[in-house]
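Asks: Count the sequence shown with my numbering and you get residues 18 to 235, in order. Beta carbons are placed, not taken as given, at the ideal position from N, Cα and C, and that holds for glycine. Below is the structure I would like to discuss, written out as structure tokens.
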Amino acid sequence: MGARPGAQAPRRARGRRENQRLRTRKDLLEAAARLLDAGHVPGMDEIAEAALVSRATAYRYFPSLEALLLEAPLQAEAPDPEALFAGDDGSDPEARIDRAVDALQRMAYANAPQLRLMLSHSLARPGQAGGPRRQNRRTQLIETALEPIRPQLAPAEYRRLCRALALLIGTEAMIVCQDVLQIDERAAREASRWAARALVREALAKRRPTSSPTACRS
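Here is the structure:
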């Protein structure tokens, strides 16, 4: 059963607000990274000015300068979805999600200490309405990987697939494999890739002939 027409407008409005908050957070990270690359450690005022936001806004997104400077270098390390799939004809959806999972997990393992520390900062931060705790890089990567099959899936199926895939990759998946399962990086990547391909295969088994694009998030 589809969503009621009256429910669509609030959902879209929430999505726009969330996207704007993520863009602001990304602007702060990129501004901090540029200043760090220039050869000195910037303060919060300098970063906020470079990102064209107020100091108060910067602190709504990052509880401390330390948290912002910790995450800023990781922004450049994250896989670029457009570059990752440049030249791909989109004919093999399982291969595309396989590539996305592998790229993000390689990045996670290469930056494991920083990502663990970043996660600890996020968990220690009290709940706030001002800004997202995390940048959510994985959603854009997943959406880009799934773009060729998006019209074939019903909106609810597409959203569920995006959410399920998000559980398989990133810092949390790496920590489960290292600390709970105690398997090495290669085995961890293979497990995540296998599960991701299985999810895509299952979703495609329920495909529909045509569909208009839908948002990954509700």
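(1) What is the DSSP secondary structure of S229, reduced to helix, strand or coil?
(2) Just how far apart, CA to CA, sit P110 and M124?
(3) Span of the alpha helix (DSSP H) holding V58?
(4) In its own chain, which residues sit with a C-beta less than 7 Å from the C-beta of R214, not counting the 5 before and 5 after it?
(5) Does the region 191–198 come within contact of the region 120–134, defined as at least 3 CB pairs closer than 8 Å?
(6) Could you tell me the alpha carbon to alpha carbon distance between E63 and R218, rounded to whole angstroms?
(7) Please determine if the region 155–162 and the region 96–111 are in contact, where contact requires at least 3 C-beta pairs separated by less than 8 Å.
(8) Can you look up I3 in the DSSP assignment and give me helix, strand or coil?
(9) Less than 7 Å between C-beta atoms, sequence neighbours within five positions excluded: which residues of the same chain meet that for D119?
(10) So, with DSSP's three-state summary, where would you put N128?
(11) Mind checking R34: buried by the 16 CB within 10 Å criterion, or exposed?
(12) By the three-class DSSP mapping on this structure, what secondary structure does R123 have?
(13) Rounded to a whole number of angstroms, what is the C-alpha to C-alpha distance between P80 and K223?
(14) Could you give the DSSP three-state label for M18: helix, strand or coil?
(15) Rounded C-beta distance between H45 and L85? I'm assuming under 8 Å.
(16) Quick check on G107: buried or exposed, where buried means 16 or more other Cβ atoms within 10 Å of its Cβ?
(17) Please report the distance separating the alpha-carbon of G90 from that of A65.
(18) Whole angstroms is fine: what's the gap from L216's alpha carbon to Y126's?
Replies: If we stick to the structure as given:
(1) Residue placement at S229 is flagged as unreliable, the pLDDT there being 49, under the threshold of 50; a coordinate-derived value is accordingly withheld.
(2) Rounded to whole angstroms, P110 to M124 spans 22 Å at the Cα level.
(3) Unbroken run through V58: none, as it is neither H nor E.
(4) Closer than 7 Å at the Cβ level, and outside the excluded window around R214, lie E111, I114, D115.
(5) Per the Cβ contact rule, the region 191–198 is in contact with the region 120–134 (3 or more Cβ pairs under 8 Å).
(6) Cα to Cα, the separation comes out at about 48 Å.
(7) At 8 Å Cβ cutoff, the stretches touch.
(8) Residue 3 falls outside the range modelled here, since the chain spans only 18 to 235, and no answer is possible.
(9) Excluding its 5 nearest sequence neighbours in each direction, D119 has C-beta neighbours in its own chain below 7 Å: R206, R210, listed in chain order.
(10) N128: coil per DSSP, three-state reduction.
(11) Flag for R34 reads exposed.
(12) For R123, the three-state secondary structure derived from DSSP is helix.
(13) Near 43 Å, if we compare the C-alpha coordinates of K223 and P80.
(14) Only weak support is given to the placement of M18: the predicted model assigns it a pLDDT of 48, under 50, and the value that follows is read from those uncertain coordinates. In this structure, M18 counts as coil in the three-state DSSP scheme.
(15) The residue you asked about is not His; residue 45 is Leu in the sequence shown. That belief holds up - the Cβ atoms of L45 and L85 are roughly 6 Å apart, short of 8 Å.
(16) By the neighbour-count rule (16 or more Cβ atoms within 10 Å), G107 is not buried but exposed.
(17) Checking the sequence shown, residue 90 turns out to be Pro, not Gly. P90 and A65: Cα-Cα distance of roughly 17 Å.
(18) The alpha-carbon atoms of L216 and Y126 are separated by roughly 23 Å.
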